[in-house]
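Have a look at the structure below, then the notes.
Chains as they are written, first to last, in UniProt numbering: chain A, 1 to 331; chain B, 1 to 288.
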């Protein structure tokens with residue numbers, strides 16, 4: 001178990017280093033000059049004040065040092081939790097802006113990921129047992145997985161939001177309300193939350209259901225199932241074992257899917273103008289705020305790594321082989 | 001069993017499988033629309049007809065028109081073309097990279113395997129779509145081949161991992177040992193002895209990669225990071241414009257339903273085809 005977790009941890013640390021380096025290198029490969037963009041936006045008339053401003057900004061963003069020094073500084077600042085200053089919302093620190101968006105993203109992502117996983121596995125397990133359910137779950141599941149995340153979001157926003165008028169289709173809360181600790185605001189928040197959540201939940205559901213169905217069918221054809229059947233074990237018991245064994249790949253699948261789901265959630269936020277990280281990233285791109293973009297990327301990578309590590313810990317709980325040090329699944 | 005006979009047998013079962021045939025017909029129709037459509041439609045995708053704005057589907061404009069009076073059907077067929085292109089290119093690149101890394105890691109083993117494995121794990125964990133956004137935004141790459149290249153380079157890890165584990169199991173078989181003892185070079189062994197056992201698997205992998213590339217490209221285009229140019233059109237870009245021009249509140253459903261449905265139909269058909277192919281290649285599943 002120790003070797004398993006240490007190995008995983010090493011991969012995650014290395015991944016983080018790669019992500020940080022990538023994040024540092026990319027803006028420097030960028031055509032054009034972000035400072036120049038800022039200066040031209042400020043529309044300063046005098047050439048001498050432009051030079052002074054350039055010096056000032058270069059010092060603020062630490063661009064006047066040799067490259068290796070910049071890289072080391074970047075790490076130093078990062079480890080102190082400093083992600084730099086936003087260009088778009090100058091002089092707000094990037095970490096503060098991201099901190100304001102993260103709760104919305106988490107509120108939509110966490111429940112949709114976990115609920116779709118639990119419900120999808122249930123439906124899949126049930127489908128493996130009844131032909132009627134199987135014939136409906138499979139086609140619906142494939143259509144759901146084939147849908148682009150944002151398209152389902154658009155269709156839900158249009159049908160449930162605009163045609164039916166049940167839910168608001170934009171924003172995190174009503175613009176006429178100020179964020180306060182009141183019931184009215186909480187209900188409004190929930191109403192704005194529902195459609196982004198629902199679209200993410202639905203679009204992920206099909207994949208888990210199909211995966212579980214296939215795994216269970218595979219388990220029910222295996223040797224131990226036949227053996228238990230031959231012994232006359234009750235079907236319930238056999239199905240219980242099949243379910244347990246099929247859970248392992250589904251846990252791994254959850255870890256593998258995390259990165260993809262993040263992308264889906266970002267696009268969904270854009271559709272609903274939901275004030276989370278996805279919306280933030282879009283604004284950062286549109287306003288050429290590369291520091292904000294960098295910060296958001298790092299934050300997401302960190303989040304995915306932490307989530308992966310949590311899933312690895314869960315894996316130790318559900319798979320005894322990782323505990324006894326057999327390294328059964330280093331995948 | 002000789003090779004031609006095996007191919008014939010596979011084709012025989014493929015033609016008898018309703019999933020494979022049905023999905024192939026659907027994808028074929030869409031492909032035909034993408035290839036022939038742009039030259040058959042009466043309007044150009046970006047041409048604006050002032051008098052014909054915001055029209056619902058009718059005899060003149062089968063899929064209606066946009067806010068600026070552009071014909072949705074012509075946008076759709078031109079967009080289909082880039083969808084197929086980005087799918088094929090992205091899948092080919094991801095497949096080639098994943099295959100190479102998987103084969104080499106599985107067959108060579110040792111420190112090379114460790115190294116490639118680590119690389120695979122790193123790319124696997126980093127959220128690919130976010131990196132794609134960042135790369136796109138920084139490098140300002142706005143062409144379809146570049147988009148496909150980046151999508152391909154971010155979606156190969158699971159292929160590499162699967163190919164590696166299959167190669168690992170295949171390379172310890174007796175006939176591989178025999179080939180090695182008879183002095184065949186590594187490249188030849190991989191190509192002639194190992195790869196043929198995986199052709200069916202690779203074909204299915206390509207289908208999945210194609211679907212994945214199409215979905216990723218649509219998402220990138222949707223947030224406005226797709227290929228730009230006076231004549232470039234894609235299904236993702238259509239949805240982007242529909243949302244930008246508030247087609248939702250204006251109830252212009254044809255503008256955003258059509259492109260999304262196109263993607264869903266193509267990718268869904270491919271996924272169903274994959275299930276059918278599984279039954280064709282895997283005799284155990286055939287009797288159903």
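Just so it is clear, CB atoms sit at the ideal spot from N, CA and C, and this is done for glycine as well.
Here the structure is a predicted model, which is why all the values come from computation and not from measurement.
- Message: I want to verify the contact list: residues of chain A whose CB lies under 8 Å from the CB of residue 258 (chain B), in sequence order.
- Response: For a Cβ distance threshold of 8 Å, nothing in chain A lies close to residue 258 (chain B): the least Cβ distance comes to about 11 Å.
- Task: Give, in chain order, every residue of the region 244 to 266 of chain A whose Cβ lies closer than 9 Å to some Cβ of chain B.
- Result: Within the region 244 to 266 of chain A, those residues whose Cβ lies closer than 9 Å to any Cβ of chain B are, in chain order, 255, 256, 258, 259, 260, 261, 262, 263, 264 and 266.
- Message: Contact criterion: CB-CB distance below 9 Å. Does residue 138 (chain B) meet it with respect to chain A?
- Response: It does: the Cβ of residue 138 (chain B) has a partner Cβ on chain A nearer than 9 Å.
- Query: Going along the region 263 to 285 of chain B in order, which residues come within less than 7 Å of chain A, judged by CB to CB distance?
  - Reply: From the region 263 to 285 of chain B, only 263, 264, 267, 268, 271 and 272 have a Cβ closer than 7 Å to chain A.
- Could you tell me whether the Cβ of residue 145 (chain A) comes closer than 9 Å to any Cβ of chain B? At least one chain B Cβ lies under 9 Å of residue 145 (chain A).
- Query: Hey, how far is the Cα of residue 257 (chain B) from the Cα of residue 76 (chain A)?
  - Reply: Between residue 257 (chain B) and residue 76 (chain A), the C-alpha separation is close to 49 Å.
- Message: What would DSSP say about residue 10 (chain A), mapped onto helix, strand or coil?
- Response: Here residue 10 (chain A) sits in helix by DSSP.
- Query: Who are the near neighbours of residue 10 (chain A) in its chain, counting only those whose CB is closer than 8 Å to its CB and skipping five residues on each side?
  - Reply: Within the same chain, residue 10 (chain A) has no close Cβ partners at all.
- Query: When the Cα atoms are used, what is the spatial distance from residue 36 (chain B) to residue 83 (chain B)?
  - Reply: Cα-Cα distance, rounded: 14 Å.
- Message: What residue range does the alpha helix (DSSP H) around residue 415 (chain A) cover?
- Response: Beyond the ends of chain A as shown, which are 1 and 331, falls residue 415 (chain A); an answer cannot be given.
- Message: Please list, in chain order, the chain B residues whose beta carbon lies closer than 7 Å to that of residue 142 (chain A).
- Response: The answer, in chain order, is 268, 271 and 272.
- Could you name each continuous alpha helix (DSSP H) segment of 4 residues or more that falls completely within the region 184 to 268 of chain B, going from the start of the chain to the end? Listed in chain order, they are 199 to 222 and 235 to 244.
- Which runs of the beta strand (DSSP E) fall wholly inside the region 259 to 317 of chain A and span at least 3 residues, in chain order? The DSSP assignment places no complete run of the beta strand (DSSP E) inside the region 259 to 317 of chain A (cut-off: 3 residues).
- Task: Could you please tell me which residues of the region 298 to 322 of chain A, in chain order, have their CB closer than 8 Å to any CB of chain B?
- Result: Those would be 300, 301, 304, 305 and 308, in chain order.
- Query: Quick one: Cα of residue 234 (chain B) to Cα of residue 177 (chain B), how far?
  - Reply: Their backbone Cα atoms lie some 50 Å apart in a straight line.
- Message: Is the beta carbon of residue 203 (chain A) closer than 9 Å to that of residue 149 (chain A)?
- Response: Yes, Cβ-Cβ distance for residue 149 (chain A) and residue 203 (chain A) is below 9 Å.
- Query: How about residue 84 (chain B): is its C-beta nearer than 9 Å to some C-beta of chain A?
  - Reply: Chain A contact via Cβ: absent.
- Item | Bridge-paired residues (DSSP) for residue 71 (chain B) | The partner list for residue 71 (chain B) (beta bridge, DSSP) reads B:65.
- Message: I'd like to know whether the C-beta of residue 181 (chain B) is nearer than 9 Å to at least one C-beta of chain A.
- Response: It does not: the Cβ of residue 181 (chain B) has no partner Cβ on chain A nearer than 9 Å.
- Task: Count the other CB atoms, across all protein chains shown, that sit within 10 Å of the CB of residue 143 (chain B); report buried if there are 16 or more and exposed otherwise.
- Result: With fewer than 16 Cβ atoms within 10 Å of its Cβ, residue 143 (chain B) is classed as exposed.
- Determine the chain A residues that contact residue 219 (chain B) at a beta-carbon separation under 9 Å, and present them in chain order. Ordered by position in chain A, the residues that pass the 9 Å Cβ test against residue 219 (chain B) are 148, 149, 150, 263, 264, 266 and 267.
- Query: chain B partners of residue 14 (chain A), CB-CB under 9 Å?
  - Reply: Within chain B, the residues whose beta carbon sits less than 9 Å from that of residue 14 (chain A) are 118, 121 and 122, listed in sequence order.
- Item | Of the listed residues A:167, A:112, A:180 and A:7, nearest to residue 254 (chain A) (C-alpha basis) | Per the Cα distances, A:112.
- Message: Quick check on the burial criterion: 16 or more other C-beta atoms within 10 angstroms. Buried or exposed for residue 124 (chain A)?
- Response: Classification of residue 124 (chain A): buried, given that the 10 Å Cβ count is 16 or more.
- Query: Which residues in chain B sit within 8 Å of residue 27 (chain A), going by Cβ to Cβ distance?
  - Reply: Ordered by position in chain B, the residues that pass the 8 Å Cβ test against residue 27 (chain A) are 138.
- Could you tell me whether the region 303 to 311 of chain A touches the region 1 to 16 of chain A, where touching means 3 or more Cβ pairs closer than 8 Å? In this structure the region 303 to 311 of chain A touches the region 1 to 16 of chain A; the number of beta carbon pairs closer than 8 Å is three or more.
- Message: Going by the DSSP bridge assignment, what does residue 93 (chain A) pair with across the sheet?
- Response: Paired residues: A:85.
- Query: Exposed or buried, what is residue 87 (chain B) when buried is set at 16 or more other beta-carbons lying within 10 Å of its beta-carbon?
  - Reply: Classification for residue 87 (chain B): buried.
- Message: Against chain A, with Cβ distances strictly below 9 Å, would residue 215 (chain B) count as a contact?
- Response: At least one chain A Cβ lies under 9 Å of residue 215 (chain B).
- Cα separation between residue 86 (chain A) and residue 99 (chain A)? Between residue 86 (chain A) and residue 99 (chain A), the C-alpha separation is close to 13 Å.
- What residues in the region 184 to 204 of chain A bring their beta carbon closer than 7 Å to a beta carbon of chain B? Cβ contacts with chain B: none found.
- Three CB pairs or more closer than 8 Å across the region 214 to 222 of chain A and the region 163 to 172 of chain A: The region 214 to 222 of chain A vs the region 163 to 172 of chain A: no contact.
- Message: By the DSSP assignment, the alpha helix (DSSP H) with residue 135 (chain A) in it spans what residues?
- Response: From DSSP, the alpha helix (DSSP H) with residue 135 (chain A) extends over 131 to 146.
- Is the beta carbon of residue 266 (chain A) less than 9 Å from the beta carbon of residue 133 (chain B)? Closer than 9 Å, so yes.
- Contacting residues, own chain, Cβ-Cβ under 7 Å from residue 126 (chain A) (five flanking each side not counted): For residue 126 (chain A), where only same-chain residues beyond five positions count, the Cβ hits under 7 Å are 133.
- Task: Specify, as a first and last residue, the run of the alpha helix (DSSP H) that residue 167 (chain B) falls within.
- Result: 157 to 171 is the extent of the alpha helix (DSSP H) around residue 167 (chain B).
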